[in-house]
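Read through the structure below, which is laid out as structure tokens, and then see the notes.
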Amino acid sequence: MKKQLAQGAAVSLLLQVCLAAEEPMSKGYTIPTIDLAKQTHRQVIVDREKGQYLGHPTTVLLEDNKTMLIVYPKGHGRGGIVYKRSTDGGRTWGERLPTPKSWKTSKEVPTIHRVIDAKGKKRLIMWSGLYPARLAFSENDGDDWSELKQVGDWGGIVVMGCLEKVKTGKGHYMAMFHDDGRFFKDVDTRIKNPVFTLYKTFSKDGGFDVDASRSNFGTQ
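The sequence shown begins at 107 in our numbering and counts up by one.
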């Protein structure tokens with residue numbers, strides 16, 4: 107009898123644990139969300155390489171709403187830049203495209219943006235971060251690219267992850283990035299309790315020249 111009671115208690119406990127596991131954990135907020143993880147019909151495989159981590163893709167969609175360009179590193183942030191093109195808005199992707207030699211030396215996640223200067227000249231620019239921040243550009247919608255070139259005596263983590271037009275004039279842009287003291291200057295200024303600082307920069311020539319980075323706010 108005791109053995110049967112013990113077995114019954116064990117089954118009851120197991121059932122309670124299973125039921126508890128099925129109950130969704132409180133998210134702490136009530137904003138409606140959609141989980142896309144299992145919606146495989148929305149997912150596209152851009153690239154695969156056996157034994158190689160591929161991640162951190164950034165894309166730009168051109169004005170025809172079909173041509174999409176993508177760049178990403180061969181590694182976690184640091185690694186040679188891989189470059190591809192899609193002609194159907196990202197549904198399918200072609201083979202890896204040739205890149206300038208210096209792209210193999212990228213130290214951080216590349217970011218790609220469309221910019222237009224005051225005269226209406228369209229360009230694509232691509233940033234590569236850590237120290238020093240470097241920039242490459244294309245004047246023919248990504249068919250040809252320049253080498254990465256240093257743009258100043260500063261750097262940061264995922265440089266220019268955000269770039270937006272501003273209303274101060276044609277060809278004017280604001281861009282933002284962050285750093286915790288390790289890569290903003292050539293010397294690692296890491297401290298015991300690092301502060302992540304958000305920096306903003308401004309350009310008046312269509313994204314080529316940027317002013318000295320300004321600290322916007324910082325947080326631990």
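Virtual Cβ for every residue (Gly too), placed ideally from N, Cα, C.
Note that the structure is a prediction, hence the values are computed from the model and not measured.
Relative to the C-alpha of LYS291, which residue among GLY181, ALA239, THR165 is closest? Translated into the one-based positions of the sequence shown, residue 291 becomes position 185. Ranked by Cα distance from LYS291, the first of GLY181, ALA239, THR165 is ALA239.
Kindly indicate the opening and closing residues of the beta strand (DSSP E) around HIS219. Along the sequence shown, one-based indexing puts residue 219 at 113. For HIS219, the enclosing beta strand (DSSP E) begins and ends at 217–222.
Assign SER212 to one of three DSSP states: helix, strand, or coil. Mapped onto the sequence shown, residue 212 falls at position 106. SER212 falls in the coil class under three-state DSSP.
Start and end of the beta strand (DSSP E) containing ALA143? In the sequence shown, the residue the question calls residue 143 occupies position 37. Run containing ALA143: none; DSSP gives neither H nor E here.
Taking the C-alpha atoms as reference points, what is the distance between ARG184 and GLU214? By one-based count along the sequence shown, residue 184 stands at place 78. By one-based count along the sequence shown, residue 214 stands at place 108. C-alpha separation (whole angstroms): 5 angstroms.
Nearest-angstrom Cα distance between MET174 and GLY312? The count along the sequence shown starts at 1 and reaches residue 174 at position 68. The count along the sequence shown starts at 1 and reaches residue 312 at position 206. Computed Cα separation, rounded: 20 angstroms.
Should ASP285 be labelled buried (16 or more other beta-carbon atoms within 10 Å of its own) or exposed? Here residue 285 corresponds to residue number 179 of the sequence shown, with the count starting at 1. It is buried - the Cβ of ASP285 has at least 16 other Cβ atoms within 10 Å.
Would you identify the three-state DSSP class for HIS284, choosing helix, strand or coil? Along the sequence shown, read from residue 1 onward, the residue named residue 284 stands at position 178. In the structure shown, HIS284 sits in a strand (DSSP, three-state: E or B).
Rounded to whole angstroms, what is the Cα-Cα separation between TRP209 and HIS147? To locate residue 209, count along the sequence shown from 1; it is residue 103. To locate residue 147, count along the sequence shown from 1; it is residue 41. Their Cα atoms are separated by approximately 33 angstroms.
Verify the CB distance criterion: does HIS162 have a CB-CB separation below 7 angstroms to chain D? The structure shown contains no chain D, having only a single protein chain.
For ALA351 and LYS306, I'd like the C-alpha separation in whole angstroms. The structure shown does not extend to residue 351, since the chain is modelled only from 107 to 326, so the question has no answer here.
If TYR189 sits next to THR205, beta carbons under 8 angstroms apart, how far is it from one beta carbon to the other, in whole angstroms? Here residue 189 refers to the residue found at position 83 of the sequence shown. Here residue 205 refers to the residue found at position 99 of the sequence shown. Right, their Cβ atoms sit about 5 angstroms apart.
If you drop the 5 nearest sequence neighbours on each side, which residues of the same chain put their C-beta closer than 8 angstroms to that of ARG154? Along the sequence shown, read from residue 1 onward, the residue named residue 154 stands at position 48. Here the set comprises LEU160.
Report the three-state DSSP secondary structure of ARG191 (helix, strand or coil). Within the sequence shown, numbered from 1, the residue matching residue 191 stands at position 85. Of the three classes helix, strand and coil, the one that applies to ARG191 here is strand, per DSSP.
For ILE151, does the count of other Cβ atoms within 10 angstroms reach 16, so buried, or fall short, so exposed? Here residue 151 is taken as the residue at index 45 of the sequence shown, counted from 1. Exposed.
Do GLY195 and LYS228 have their C-beta atoms closer together than 7 angstroms? Translated into the one-based positions of the sequence shown, residue 195 becomes position 89. Translated into the one-based positions of the sequence shown, residue 228 becomes position 122. No, they are not a contact pair.
Opposing strand residues paired with SER244 [DSSP bridges]: Position 138 of the sequence shown holds residue 244. DSSP, once it has assigned bridges, lists LEU230 as partnering SER244.
Check whether the Cβ atoms of ARG191 and GLY181 sit closer than 7 angstroms, and answer yes or no. In the sequence shown, residue 191 corresponds to position 85, counting from 1. In the sequence shown, residue 181 corresponds to position 75, counting from 1. GLY181 sits away from ARG191, with the two beta carbons spaced by 7 angstroms or more.
For a test of the three-state rule: what should DSSP assign to ALA127, helix, strand or coil? The count along the sequence shown starts at 1 and reaches residue 127 at position 21. Its pLDDT being 47, under 50, ALA127 is placed unreliably by the model, and nothing is read from it.
Inspect the beta-carbon positions of PHE302 and LEU236 and report whether they are closer than 7 angstroms. Here residue 302 corresponds to residue number 196 of the sequence shown, with the count starting at 1. Here residue 236 corresponds to residue number 130 of the sequence shown, with the count starting at 1. In this structure, LEU236 does not lie closer than 7 angstroms to PHE302 by Cβ.
How is the beta strand (DSSP E) around SER309 delimited, first residue to last? On the sequence shown, residue 309 is found 203 positions in, with the first residue counted as 1. If you look at SER309, you'll find it in the beta strand (DSSP E) that goes 302–309.
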